[in-house]
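Note sheet for the following structure.
Protein chains in written order, with the numbering used here: chain A, 3 to 288; chain B, 435 to 709.
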């Protein structure tokens, strides 16, 4: 009797969580894949179409446009956040007067939600009254209409996504820096190395596993960026910021082409998984 | 060495100013009369509390900010309690007990962290429609409960507690449940606080799902209400009120951050070795 109870004990503990997990996370994911195989409208499934939604996407120029927009966004955002977060982590790693205030400045966007951050940046980039253009005019530089200019809008969204997320990456990198023994730097300094050499020959090589994590996480973020786009540009101007999640939202919740939207969701998931796997392989081999 | 320190300080100072700039500008103009934004100025020349009065009484766009804050507060309390109660026993079972299928189930749970949230949203909407919960705060609360991050943080913590602790208690005749409830849970309190703080943040700030499932002021959460204000046709006339609403609704999280920065930072470390 007590033996049976001991065997059941783990399941009693994990059971409630797994039930909730199955209903609100497992089931919706599986069902989204299922929905992607149907012509699924606002009133439910119309017809089974197999991979029809996927083949339709392949010949849909709007899909490819937003695919390449997302790719461009990742190409701007991922290197940007990697460079900035590494720089910040290295600068914040050692003691400095006022370091607690500096850390707070970079960490506090973590508690600001995407709607508020988007409003702050929309205000900052506002063509007439916005602070950025005001400062540019003070410096006698040409001002821009940032969010309504196809070339700049995606950059502006990369900047706000950087602003929101950099603190998280810095926290991860700081944990990595703590694991590099101080003796290495001391030995190198005895041999006359300078700060730049320390960074390139000690810090970077030893930080590689953590940089891989940061790269994968930021890539996942790049492919999931949504709220910033919805609030700041709504996908415009002229579709220049219509990323894949935005297209999914339009198709699923505005056009009610739910089967198609589900197929886009599955494609996003496959892209993220594939890119993560490739990076993992490439980094491990070196 | 000395020169390096000065240089580091200067670079950090410049970057920190840039990082504070968006919010500083937002806060400054949230205290300005609406006409101030038409003038060429970085700092407003007139000041008023009118915008905040409007946030509390009539923010525009058919949105009620006090109601949204009440909704968000209720959702936050429900999710913090729900997630902590679900995650503690489950993480303990994953991290410290042996049972058939454990590693496979844990793998399944972890892999969902890689999935984009927008994938689940389509069928979650159907599910909530079937249950008649569309546009209610219950529909916001429920899908937030299986937070995988919490399982991850607590499991990591339970795993690093020394084995001798439960062995000694068992020698004294404690049952499995007593070991869990009387020894392990109290020891895990730092991890539980971390999880609660992170959950509160997630709950207050979550945007995508509440945006899709709520559309009336009675059930709208704070980020959704703020985004409605920003998207309304009258947004341009209402700009300073929107800025005030954005700042005012962030205050609870800013206060949480000022007191709980340590917990937030520790919870986000990759190993979550809560020190």
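We put the beta carbon where it would ideally sit given N, CA and C, even for glycine. From a predicted model like this one, the values you see are computed outputs, not experimental measurements.
Whole-Å CB distance - residue i paired with residue j, under 8 Å assumed
i	j	result
residue 273 of chain A	residue 553 of chain B	Incorrect: roughly 12 Å between the Cβ atoms, too far for contact.
residue 524 of chain B	residue 585 of chain B	6 Å
residue 62 of chain A	residue 51 of chain A	With a Cβ gap of about 14 Å, residue 62 of chain A and residue 51 of chain A do not count as contacting.
residue 710 of chain B	residue 588 of chain B	Residue numbering for chain B in the displayed model covers 435 to 709; residue 710 of chain B lies beyond these limits and cannot be assessed.
residue 557 of chain B	residue 33 of chain A	4 Å
residue 91 of chain A	residue 179 of chain A	6 Å
residue 717 of chain B	residue 116 of chain A	Outside the modelled stretch of chain B, which goes from 435 to 709, sits residue 717 of chain B, for which no answer is possible.
residue 555 of chain B	residue 562 of chain B	Rounded, the Cβ-Cβ distance is 10 Å, inconsistent with contact.
residue 107 of chain A	residue 454 of chain B	6 Å
Pairwise C-alpha distance: residue j and residue i
i	j	result
residue 441 of chain B	residue 68 of chain A	42 Å
residue 13 of chain A	residue 608 of chain B	19 Å
residue 709 of chain B	residue 109 of chain A	A caution first: residue 709 of chain B carries a pLDDT of 34, below 50, which makes its placement in the model too unreliable to give a value.
residue 270 of chain A	residue 277 of chain A	11 Å
residue 658 of chain B	residue 596 of chain B	45 Å
residue 488 of chain B	residue 465 of chain B	12 Å
residue 9 of chain A	residue 495 of chain B	57 Å
residue 124 of chain A	residue 647 of chain B	25 Å
residue 580 of chain B	residue 508 of chain B	18 Å
residue 707 of chain B	residue 205 of chain A	Residue confidence for residue 707 of chain B is low, a pLDDT of 40 falling below 50, so the modelled location carries little weight and cannot support an answer.
residue 284 of chain A	residue 162 of chain A	29 Å
residue 452 of chain B	residue 103 of chain A	14 Å
residue 22 of chain A	residue 594 of chain B	26 Å
residue 711 of chain B	residue 665 of chain B	Shown here, chain B extends from 435 to 709; a query on residue 711 of chain B therefore has no answer.
residue 449 of chain B	residue 479 of chain B	27 Å
residue 482 of chain B	residue 573 of chain B	38 Å
residue 675 of chain B	residue 279 of chain A	46 Å
residue 603 of chain B	residue 540 of chain B	27 Å
residue 470 of chain B	residue 687 of chain B	28 Å
residue 445 of chain B	residue 499 of chain B	39 Å
residue 248 of chain A	residue 60 of chain A	17 Å
residue 534 of chain B	residue 26 of chain A	24 Å
residue 118 of chain A	residue 684 of chain B	8 Å
residue 485 of chain B	residue 610 of chain B	57 Å
residue 64 of chain A	residue 237 of chain A	12 Å
Candidates the options: closest to residue i by CA position
i	options	result
residue 600 of chain B	B:588, B:619, B:590	B:619
residue 242 of chain A	A:254, A:70, A:59	A:70
residue 612 of chain B	A:52, A:11, A:187	A:11
residue 17 of chain A	B:574, B:681, B:447, B:536	B:536
residue 173 of chain A	A:105, A:120, A:129, A:189	A:105
residue 679 of chain B	A:120, A:161, A:214, A:149	A:120
residue 235 of chain A	A:92, A:182, A:127	A:127
residue 625 of chain B	B:548, B:645, B:522	B:522
residue 222 of chain A	A:39, A:51, A:53, A:79	A:79
residue 551 of chain B	A:250, A:86, A:15	A:250
residue 575 of chain B	B:653, B:538, B:485	B:653
residue 36 of chain A	A:183, A:53, A:184, A:216	A:53
residue 149 of chain A	A:280, A:38, A:58, A:239	A:239
residue 176 of chain A	A:26, A:89, A:267, A:280	A:89
residue 82 of chain A	A:38, A:99, A:157	A:157
residue 702 of chain B	B:505, B:610, B:616, B:631	B:631
residue 129 of chain A	A:60, A:147, A:268, A:203	A:147
residue 100 of chain A	B:623, B:469, B:529, B:447	B:447
residue 267 of chain A	A:93, A:25, A:211, A:39	A:39
residue 438 of chain B	A:49, A:154, A:197	A:197
residue 457 of chain B	B:697, B:699, B:677	B:677
residue 544 of chain B	A:216, A:132, A:6, A:28	A:28
8 Å CB neighbourhood of residue i in its chain, flanking five on each side removed
i	result
residue 258 of chain A	43, 44
residue 159 of chain A	75, 227, 230, 231, 234, 235, 243
residue 139 of chain A	145
residue 282 of chain A	214, 218
residue 614 of chain B	523, 526
Same chain only: Cβ atoms within 7 Å of residue i, ignoring 5 sequence neighbours per side
i	result
residue 695 of chain B	none
residue 200 of chain A	187, 190
residue 56 of chain A	265
residue 681 of chain B	460, 461, 464
residue 520 of chain B	579
residue 547 of chain B	582
residue 577 of chain B	558, 643
residue 649 of chain B	569
Cβ-based neighbour list, residue i, same chain, cut-off 6 Å, excluding 5 preceding and 5 following
i	result
residue 672 of chain B	494
residue 254 of chain A	260, 263
residue 645 of chain B	658
Near the ligand COA: residue i beta-carbon under 6 Å from a heavy atom
i	result
residue 564 of chain B	Questions concerning the ligand COA fall outside what the structure shown contains, since it holds no ligand whatsoever.
For this session: Decide if the region 687 to 696 of chain B is in contact with the region 467 to 478 of chain B; the criterion is three or more beta carbon pairs, one per stretch, under 8 Å apart.
Result: no
For this session: Count the CB pairs spanning the region 220 to 230 of chain A and the region 74 to 86 of chain A that are closer than 8 Å, and state whether there are at least three.
Result: yes
Exercise. Hey, is the region 158 to 175 of chain A in contact with the region 93 to 112 of chain A, meaning 3+ C-beta pairs nearer than 8 Å?
Worked result: yes
Exercise. Touch check for the region 505 to 524 of chain B and the region 637 to 654 of chain B: three-plus C-beta pairs under 8 Å?
Worked result: yes
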